[in-house]
Amino acid sequence: MCHCGVVNDDSVVRAVDSGARTLSQVCRSTGAGQDCGACVFSLRRLICQHEDTQRATLLEVEGAAS
Ligand code: FES
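In terms of the numbering used here, the sequence shown is residues 21 to 86.
See below:
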């Protein structure tokens with residue numbers, strides 16, 4: 021994911037699961053995106069995809085509970 025900071029996808033997902041909600045929060049917490057910036061668009065896409073997955077799961081759980 022981020023070659024400069026040696027940060028993989030799992031680290032980004034863990035950061036989002038731990039409460040990081042913005043690109044800058046994920047970058048601060050993982051160390052990604054702090055150098056050349058080439059990974060920023062990939063980071064943003066992964067954050068959005070993971071949040072969408074969390075939201076869909078939450079809706080499924082809410083639907084099952086009602
Ligand atoms: S690849 Fe992430 S800052 Fe360079």
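Glycine is no exception: its CB is placed at the ideal position from the N, C-alpha and C atoms.
About 27 Å separates the CB atoms of residue 63 and residue 81; that is not less than 8 Å, and the two are not in contact. Taking 9 Å as the cut-off, the Cβ atoms of residue 27 and residue 56 do not count as close.
Checking the 8 Å criterion, the Cβ of residue 35 is out of range of every heavy atom belonging to the ligand FES. Under the three-state reduction of DSSP output, residue 26 falls in the coil class, being neither helix nor strand. For residue 58, the Cβ falls inside the 8 Å cut-off from some heavy atom of the ligand FES. Shown here, residue 39 sits in coil according to DSSP, grouped into three states, outside any helix or strand.
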